[in-house]
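Here's the structure we're looking at; comments come further down.
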Amino acid sequence: MTKLAVNLSMIFTEVPLIERFALAHAHGFHNVEIQFPYELSIDDIRAQLELYDLNICLINVPAGDLMQGGNGLAGIPGREAAFHQALQLAIQYASELNIPSVNILAGKQPIDSDLLPCLNTLADNLKLACHMLTEYGIQPVFEMINGTDMPRFLVQNIAQAQEMLEAVQHSALKMQFDCYHMAMMGEDVLTALQENIDWIGHIQFADCPGRHEPDTAQINFNDIFKWLQQSSYTGYIAAEYKPRSHSNQSFAWKDKYFTNNLSI
30 MTKLAVNLSM IFTEVPLIER FALAHAHGFH NVEIQFPYEL SIDDIRAQLE
80 LYDLNICLIN VPAGDLMQGG NGLAGIPGRE AAFHQALQLA IQYASELNIP
130 SVNILAGKQP IDSDLLPCLN TLADNLKLAC HMLTEYGIQP VFEMINGTDM
180 PRFLVQNIAQ AQEMLEAVQH SALKMQFDCY HMAMMGEDVL TALQENIDWI
230 GHIQFADCPG RHEPDTAQIN FNDIFKWLQQ SSYTGYIAAE YKPRSHSNQS
280 FAWKDKYFTN NLSI
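If you read the sequence shown in this note's numbering, its first letter stands for residue 30, the second for the next number, and so on.
Rendered as C-alpha cells:
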C-alpha cells in the first residue's frame, strides 16, 4: 500500500517550521518529510511528532551552500570531509527520529572543474553514505534535479541516475523520483516511473510547469496516481510543491485521488 506524505519545507510555509506539524495533522496526514530539519532540535521534533501522531519519512543530508546558490557537498572534490560531517548529522537525526530514508543531493559541477572528477567524488560519497546509512537500517536515496532550476546539477535525468547506480554498485541505493523535475527534463513521467520503479525508493510530486499542486498545469496525475496505487511500489509519495495560493487551499487533489487504496 502506497503511503502519502506532505513536505513541511515547501508547504505550510505561512508559519514557522515548528508550527507546520500541527497543520499536517489537521489536514489528515500521518507522514511528513522535511528537506533540512536541522534548525530544530531532535527533542523539539520528537515532541511534535508524538503530539500530532506523525512520522517523518525522509530528510536530506545537509547540502552545504547548495540552497544558497553554491555548489553543495556530495559531488565536489575537496569537500569530502564536510560531506562526511554532514552525513553524520543526518544519521543522528534519522536514527533518533526513526526516519526510514535519507536523500543525498549531488550538488553542482563547479564552473572551474571538470565533470568526471565530480562524478567520481559523488560515486565515492554515495558509497560511503550507503555503508553508513545501512548500518542503521536507513534507506539511501539520491535525487535528479532539472538543469533549468539548478544549472550544472550533477544528476539531472533518469539516464544519469542509472549511470550513477551502476557506478556505486550498492543494492541499497535508490533514486528519489520527483515528478516535477522529470517533467522539466522532458521525461514522460508515467513511463519513467513504470520503467524504473524497481530502482525508485521515494517519490515526490508537483505539477509542471509552475511546481504548484496537482491539476494546476500539464502533468496527468490521474494516470500516475492510479498506476502507483496498483503497482508493486510500497514506498512513500510526497507532496512537495509550492502552493499556488494559501497552503490550506491547495489540497483538492488529496480527496480527488486518494481515497481507498492509500495509507495517509
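Glycine included, each C-beta is placed from N, C-alpha and C at the ideal position. The structure displayed is predicted, hence computed values, not measured ones.
- Nearest in C-alpha terms to threonine 245, of all of Gln198, Asn149, Arg273, is Arg273.
- In this structure, the straight-line span from the alpha carbon of tyrosine 122 to that of glutamate 216 is close to 34 Å.
- Counting C-beta pairs with one atom in each stretch, the segment 230-247 and the segment 274-288 have three or more that are closer than 8 Å, which means they touch.
- Annotated as distal: asparagine 154 and phenylalanine 206, with beta-carbon spacing of 8 Å or more.
- A distance below 8 Å separates the beta carbons of asparagine 132 and phenylalanine 171.
- Between proline 169 and alanine 201, the gap from beta carbon to beta carbon is short of 8 Å.
- Excluding its 5 nearest sequence neighbours in each direction, proline 66 has C-beta neighbours in its own chain below 7 Å: Ile74, Ile88, Tyr122, listed in chain order.
- Between glutamine 77 and serine 276, the alpha-carbon positions lie close to 20 Å from each other.
- Nearest to lysine 137 by alpha-carbon distance, out of Gly98, Lys271, Arg181, is Arg181.
- For methionine 96, no beta strand (DSSP E) encloses it, and the DSSP letter there is neither H nor E.
- Counting other Cβ atoms within 10 Å of its Cβ, glutamine 198 stays below 16 and is therefore classed as exposed.
- DSSP places tyrosine 286 in the helix class (H, G or I) of the three-state scheme.
- Close CB contacts of histidine 54 within its chain, under the 8 Å cut and outside five residues either way in sequence, are with Tyr81, Asp82, Leu83 (chain order).
- Secondary structure of glutamine 205 (DSSP, three-state): strand.
- A Cβ-Cβ distance of about 14 Å is found for the pair asparagine 175 and methionine 204, leaving them out of contact under the 8 Å criterion.
- For lysine 255, the secondary structure class from DSSP, reduced to helix, strand or coil, is helix.
- Beta-bridge analysis with DSSP links alanine 267 to Ala34, Gln233.
- Assignment of asparagine 186 by DSSP, reduced to helix, strand and coil, places it in the coil class.
- Annotation: serine 70 is outside any alpha helix (DSSP H) and is labelled neither H nor E by DSSP.
- Using a Cβ distance threshold of 8 Å, isoleucine 128 and methionine 161 do not count as a contacting pair.
- Asparagine 277 has no beta-bridge partner at all, per DSSP.
- Annotated as proximal: histidine 56 and phenylalanine 280, with beta-carbon spacing under 8 Å.
- According to the DSSP assignment, isoleucine 133 belongs to the beta strand (DSSP E) that extends over 130-133.
- By the Cβ neighbour-count rule, isoleucine 140 is exposed, with fewer than 16 other Cβ atoms within 10 Å of its own.
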